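For reference, the structure is listed below as structure tokens.
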Amino acid sequence: MTNADSTAQAQIPDILRCAYMEIHVTDLAAARDFYVGALGLVVTKESSEALYLRTFEEFIHHNLVLKQAQHAAVAALAYRVRSAADVALAEAYFKAQGCRTERRSDGFVDGVGDAVRVEDPLGFTLEFFHEVEHVERLTWRYDLHIPGALVRLDHFNQITPDVARGISFAEALGFRVTEDICDDQGVQYAAWMCRKSTVHDTAMTGGDGPRVHHIAFATHEKHNILAICDKLGALRQSDAIERGPGRHGVSNAFYLYLRDPDGHRIEIYTQDYYTGDPDTPRVSWDVHDNQRRDWWGNAVVPSWYTEGSRVVDLDGNLVPLTQREQPKEIDVTVGADGFSYTRKGDREKGYKLGSSL
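Mind the numbering: the sequence shown is residues 5 to 361 in our numbering, read in order.
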């Protein structure tokens, strides 16, 4: 029996949502100053080697784990599954594909029980877990809230050289594409995929990979994002702002992109839309439409397209990069076409909002 035959027969785990990311940093104290001091994430647990952080509305142990390491990298993208049995299903599913797996009954990090980590076919280390320690949900602790309160982990964004392959891999795991970016030649530049009822739990962005583009935390309103900008300015840390604030066309979200002291990218995100119905229409964007990335037509800084965090395997070694052979989005946006405001002809025909573009 081939790996493909085994995979076809293997039952997939029921993934609930993106749950946390483990990031390696080279200076844990500097990272703490940024994530706790500037962004206000809540400390669940800390030591000289690791820092466990969560958002204000979270009830599981953490949404972000920062670990002191020699090299900055992303160690794992973790998903919560519906039951303990789904952890076993995840292990069997990836073994059937010939992927390397490691399972620990006491978890890979504090606060998480039985979990499996896998080196997936795209080169990322994924984790699947169900058992987790509950902590106080601070939704009603308005005495602790700050103007820029980060309330939920919203999504991951992954960089892969073959977006079509990334989409197929995610769809086989039960993810559904909500939006994508293509051209008239059929080249896929990016796709947004969900398990929970939002625009995405993860996205596949075309580029040299595997790398992680960003982790995103949600706020309640636009003013929370503006408060973060004001705070960073007051702290003389405005150089952490890479892009925004602005409004995406894709996802409709109001956004801000930041870089931590090691260069890891964080998005602050709010006001996307509900996607829970199974027949929610997919929205497809033309890669030549610069309102896809910024609804106001503002230019995107080149670093946003070219830079990302390296990832490590189960042994902690950096995964080699594979170059993207298909056209890159930066070549369309920053290259030959420059920063045109909209697609050719859009000013004349206008947008057909509420349907695929």
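Glycine included, every Cβ here is placed at the ideal spot set by N, Cα and C. Bear in mind the structure is a predicted one, so any value in this text is a computation, not a measurement.
| Asked | Found |
| --- | --- |
| Residues bridged to H224 [DSSP beta-bridge criterion] | In the DSSP output, where bridge partners are listed per residue, H224 has none listed. |
| Any C-beta of chain D under 8 Å from that of R251 | No chain D appears in this structure, which consists of one protein chain only. |
| Nearest to A231 (by Cα), restricted to the options H149, R169, G312 | H149 |
| For V69, the nearest candidate out of P151, A76, A54 (CA to CA) | A54 |
| I245, DSSP secondary structure in three states | strand |
| Rounded straight-line distance, which links the Cα of D90 to that of D118 | 11 Å |
| Three-state secondary structure (DSSP) of V91 | helix |
| As assigned by DSSP and simplified to three states, the class of A174 | helix |
| Where E123 sits in the DSSP three-state scheme | strand |
| Cβ neighbour criterion (16 or more within 10 Å) applied to P282 | exposed |
| DSSP bridge partner residues for D290 (one or two, in chain order) | C186 |
| Rounded distance between the beta-carbons of W308 and E246, thought under 8 Å | 6 Å |
| CA nearest to the CA of A244, picked from L262, D234, H227 | L262 |
| Classification of V47 by the beta-carbon crowding that lies within 10 angstroms, buried from 16 upward | exposed |
| Burial state of Y97, where buried means 16 or more other Cβ atoms lie within 10 Å | buried |
| Cβ separation of P17 and V85, assumed to be a contact under 8 Å, to the nearest whole Å | 5 Å |
| Residue range of the unbroken alpha helix (DSSP H) whose run includes L32 | 32-36 |
| Alpha carbon of A340 to alpha carbon of T206, nearest angstrom | Only weak support is given to the placement of A340: the predicted model assigns it a pLDDT of 39, under 50, and the value that follows is read from those uncertain coordinates. C-alpha separation (whole angstroms): 29 Å. |
| Simplified DSSP assignment, three categories, for L236 | helix |
| Nearest-angstrom Cα separation, counted from A73 out to R108 | 21 Å |
| DSSP bridge partner residues for Q162 (one or two, in chain order) | M208, V216 |
| Check whether R314 and A77 have beta carbons under 8 Å apart | yes |
| Local conformation of L81 per DSSP, three classes | strand |
| Y56 burial status per 10 Å Cβ neighbour count (16 or more: buried) | buried |
| Contact belief for H252 with N161 at Cβ below 8 Å, rounded distance in angstroms | Between N161 and H252 the Cβ distance is about 12 Å, and since that is not below 8 Å, they are no contact. |
| Buried versus exposed call for T143 [16 or more other C-beta atoms within 10 Å across all chains shown] | exposed |
| Cβ pair count under 8 Å reaching 3, the stretch 169-186 against the stretch 233-240 | no |
| Inter-residue spacing [alpha-carbon to alpha-carbon] between P1 and D293 | Since the first and last residues shown for the chain are 5 and 361, residue 1 lies out of range. |
| C-beta atoms of G44 and A153 nearer than 8 Å | yes |
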